[in-house]
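Quick note: the sequence shown uses this note's numbering, first residue 35, plus one each step.
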Amino acid sequence: MGEQNRETFGSRMGFIFAAAGSAVGLGNIWRFPYLVGMYGGAAFLLIYVLFILIIGIVCFIAEVSLGRYTKQSNVGAFKAIKPSWAPVGLIGIIAGFMILSFYSVVGGWTIYYFFRAIVGFGFADPSASANLFGGFISHPLYPVLLHALFMGITIWIVYKGVQDGIEKYSNIMMPALFVVIIILAIRSLTLPGGEAGLAFYLKPDFSKLTGESLLAALGQVFFSLSLGMGSILTYGSYLNKQENIPFVSTVVPIMDTLVAFLAGLVIFPAVFAYGFEPGQGGGLAFVTLPAVFSEMPAGNIFGAAFFFLLFLAALTSAISLLEPVVAYMIEEHAWERKKATLIMGAIIFTVGIAASLSNGIWSGFTLAGKNFFDFLDYVSGNILLPVSGMLTAIFVAWVWGSKNALKEATNDGTINFSWGNLWANVLIKYVAPILIAIVFLSSVGIVKF
Ligand code: PHE
35 MGEQNRETFG
45 SRMGFIFAAA
55 GSAVGLGNIW
65 RFPYLVGMYG
75 GAAFLLIYVL
85 FILIIGIVCF
95 IAEVSLGRYT
105 KQSNVGAFKA
115 IKPSWAPVGL
125 IGIIAGFMIL
135 SFYSVVGGWT
145 IYYFFRAIVG
155 FGFADPSASA
165 NLFGGFISHP
175 LYPVLLHALF
185 MGITIWIVYK
195 GVQDGIEKYS
205 NIMMPALFVV
215 IIILAIRSLT
225 LPGGEAGLAF
235 YLKPDFSKLT
245 GESLLAALGQ
255 VFFSLSLGMG
265 SILTYGSYLN
275 KQENIPFVST
285 VVPIMDTLVA
295 FLAGLVIFPA
305 VFAYGFEPGQ
315 GGGLAFVTLP
325 AVFSEMPAGN
335 IFGAAFFFLL
345 FLAALTSAIS
355 LLEPVVAYMI
365 EEHAWERKKA
375 TLIMGAIIFT
385 VGIAASLSNG
395 IWSGFTLAGK
405 NFFDFLDYVS
415 GNILLPVSGM
425 LTAIFVAWVW
435 GSKNALKEAT
445 NDGTINFSWG
455 NLWANVLIKY
465 VAPILIAIVF
475 LSSVGIVKF
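Shown next as structure tokens:
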């Protein structure tokens, strides 16, 4: 199926780096810690890891297999097997739209913080960090300009296509990011007063778990693994027929989870050591880290390195958010890549302006009690991704058929996939869709624990 001259990745490492580049991003370092802080600390962490294992990896394999088999991106992949399911692909496209519009705003923040780190944060008092953050994100102009810059770079790379663009830029930054996070974790863990943060992060208190926090954990699994909106499916469609899907689909989620876990080790000891509030929401990483850099020898070098790497991590994820939207316009509406990238990028940018302003001059405008920025974050992450992830699992298991999917995942049975039968007969068929449904219904109050 699919056209003969479709682009592919140059190598297995190319796919792993691109998929890891998609997965590892602001979701790991900015979104994950703030959700842990808001929704129960260690109990949330535990549920998150559990969901990664029994839902995340399972759905990851399904998306890669579906993409590679159909050689189509999100909507086309469903259509190729059963046209009436195309709307499921569209949910993903809409989610991608919404996510990228606020994601790019946060990407812009990383640029500002990079330059601010070079100058040196030098806070005498940690509360100065909170003031800097609050002042910056509510400014009517600067964050919007940096959002424009971030979105412009994303558009430029996607415009250049798969191998020259996506693969090349994804190959460089992962190891570097890893090293810097480990150094920061050591600094944070040795701060006086950090133990309370470690306990908050690692000692579970299950009384803090609610339906809503389960949903947030589930949504974060999809968000962090880039599932439920076609990023991984589309990257799967560029994967070679010889590659080992079960292997790459396990390695990437493990890497992603490790980075998120380390980010928590950096942030929580510092939150408690400096007397910040763990439940403060989206400012958590941006408020806490500069306070750590202020107290580190060579803090401006580490700070600048960190925010630069965070910027790159955000960029490789942003590319993977734009690519399915562009691929959709190319495949389903016969647009040229150039036109699709520019026009879709411009629309997303425009929505992002509203998201940025909603942290400042437009904060009076709320939807469901949230400003526009938080609304986009919540609806796309907690509702659209799990719903489309659940429908994708059902589609792969029951419409395409999990036997057929297993055949694709194992290259016609030539690859060793030790838990392949468990995956095909139990996990993708029952466990993943039913669990997602239960969590979803419990969070909206229909099912009670
Ligand atoms: N996984 C990315 C992150 O954690 C965000 C993302 C979500 C990318 C969905 C693509 C699709 O930052």
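Even for Gly, the Cβ is constructed at its ideal location relative to N, Cα and C.
CB contact flag (residue i, residue j, <7 Å)
| i | j | result |
| --- | --- | --- |
| V430 | A439 | yes |
| A427 | A471 | no |
| F257 | G415 | yes |
| M185 | L410 | no |
| A325 | Y308 | yes |
| A77 | K237 | no |
| L259 | A57 | yes |
| T144 | L344 | yes |
| W434 | I115 | yes |
| G245 | S477 | yes |
| A458 | S436 | yes |
| K441 | S271 | no |
| A380 | G59 | no |
| V139 | G386 | yes |
| A96 | I462 | yes |
Cβ shell of residue i (< 8 Å), same chain only, five flanking positions each side left out
| i | result |
| --- | --- |
| Q38 | Only weak support is given to the placement of Q38: the predicted model assigns it a pLDDT of 46, under 50, and the value that follows is read from those uncertain coordinates. So the list is empty, once near-sequence residues are dropped. |
| L80 | P238 |
| L183 | G142 and I145 |
| P287 | A57, I86, G90, I91, F94 and L259 |
| T375 | I189, V192, Y193, L356 and V360 |
| M35 | Only weak support is given to the placement of M35: the predicted model assigns it a pLDDT of 39, under 50, and the value that follows is read from those uncertain coordinates. So the list reads Y103, T104, K105, Q106 and A114, once near-sequence residues are dropped. |
Spatially closest choice to residue i from the options, by CA coordinates
| i | options | result |
| --- | --- | --- |
| N62 | A374, L349 and G298 | G298 |
| N405 | S452, S107 and A388 | A388 |
| I127 | P358, I88 and F295 | P358 |
| G454 | Y103, S283 and Y269 | S283 |
| V305 | W369, G423 and T224 | T224 |
| L218 | L80, E246 and T322 | T322 |
| V300 | R221, I191 and A374 | R221 |
| Y176 | K463, I462 and L391 | L391 |
| I215 | G59, E97 and V293 | V293 |
| S422 | F295, N108, F51 and F66 | N108 |
| L211 | E366, A54, L134 and F155 | A54 |
| M47 | I88, M208 and S138 | M208 |
| N393 | E370, Y235, L469 and H173 | H173 |
| F310 | N450, M378 and S163 | S163 |
| G130 | E365, N165 and G264 | G264 |
| F49 | V98, L84 and Y82 | V98 |
| F170 | Y147, V153 and S161 | Y147 |
| F485 | F407, M424, F51 and G75 | Summary: the structure shown does not reach residue 485, with the chain confined to residues 35 through 483, and so no result is reported for it. |
Close-in-space but distant-in-sequence residues of the same chain around residue i (CB under 7 Å, 5 per side omitted)
| i | result |
| --- | --- |
| V413 | M132 |
| A151 | F327, N334, G337, A338 and F341 |
| T268 | G101, S107, N108, E357, P358 and A361 |
| I125 | L418, V421 and S422 |
| G227 | F306 and A307 |
| L134 | A352, L355, L356 and I382 |
| V285 | I50 |
Same chain, Cβ closer than 6 Å to residue i, five either side skipped, listed in chain order
| i | result |
| --- | --- |
| F320 | F167 |
| G316 | Y68 |
| G231 | F302, P303, V305 and F306 |
| A120 | V109, F112 and K113 |
| Y73 | S247 and A250 |
| V473 | L248, L249 and L252 |
| G71 | P312, G313 and L318 |
| V178 | I387 and S390 |
| T42 | Y272 and N274 |
| F155 | P324, F327 and S328 |
Strictly closer than 6 Å from CB to any heavy atom of the ligand PHE: give me those residues in the order they appear in the chain.
S56, A57, G59, L60, G61, N62, I133, F257, S258, S260, M263, S265, S351, S354 and L355
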